[in-house]
Amino acid sequence: MNYLNMNEKKLLPVVLELNILLADYNLYYQKLRGFHWNILGKNFFDLHEKFEELYNDAKVKIDEIAERVLTLQHHPVSQFQEYINMATVKEISPLLKDTEMVKELLEDHKKLLSQMRVILKHAETAGDEGTIDMIGAYIRELEKLSWMLNAWYKNTADQLGTSMIKQA
1 MNYLNMNEKK LLPVVLELNI LLADYNLYYQ KLRGFHWNIL GKNFFDLHEK FEELYNDAKV
61 KIDEIAERVL TLQHHPVSQF QEYINMATVK EISPLLKDTE MVKELLEDHK KLLSQMRVIL
121 KHAETAGDEG TIDMIGAYIR ELEKLSWMLN AWYKNTADQL GTSMIKQA
């Protein structure tokens, strides 16, 4: 039964791309767990706590993405080998320096944001407001998180764009 009152053929690309995002988030989640367990050095306390916060958020998003696929009347991908095959986020060793870990996460954020934007295009074509709403919120949250991690990564002498600031 088509209880969503949407064109099922137009929803297929949305489902496919949501499953890729699901795969990406599963690898991102595991990478965060590995970083959480393996962080060393002066930034241990800050990053250990931040990585835990991030993997808990990723775990929630994994469930929401899978449930969105189910809402669209398809089964979500649920085998880890399929995640590895489908994902744009890739496994790496968790034995990195703190700055390398943050840099890796920022690279993953680019991939996640790119995938989310692909989903938005397909969801717009399908008239899928539920997916648009969910993914739009994810983009906003991930962009803010990326800004914060990027600020952590920078040196205190670094500057952002100043073209809008009146110079003294």
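Counting in the UniProt record's numbering, the sequence shown runs from 1 upward without gaps. Glycine included, C-beta positions come from ideal geometry on N, C-alpha and C.
Along the length of the segment 21 to 97, whole alpha helix (DSSP H) runs at least 4 residues long occupy 44 to 71 and 80 to 86, reported in chain order.
DSSP places Y153 inside the alpha helix (DSSP H), whose first and last residues are E129 to Y153.
The C-alpha of E104 is placed about 17 Å away from the C-alpha of A23. Of all C-beta pairs linking the segment 83 to 92 to the segment 108 to 116, three or more are shorter than 8 Å, placing the two stretches in contact. In the pairwise beta carbon analysis, the segment 124 to 134 is classified as touching the segment 2 to 15: at least three pairs are separated by under 8 Å.
Under the 8 Å Cβ criterion, the segment 47 to 54 counts as touching the segment 23 to 37, having at least three qualifying pairs. Sixteen is the threshold: when 16 or more other Cβ atoms of the shown chains lie within 10 Å of the Cβ of D108, as they do, the residue is buried. Comparing alpha carbon positions, the residue from Y138, Y153, N19 and L4 closest to S78 is N19.
Closest option to K42, judged by alpha-carbon separation, among G136, K97, H74 and L106: K97.
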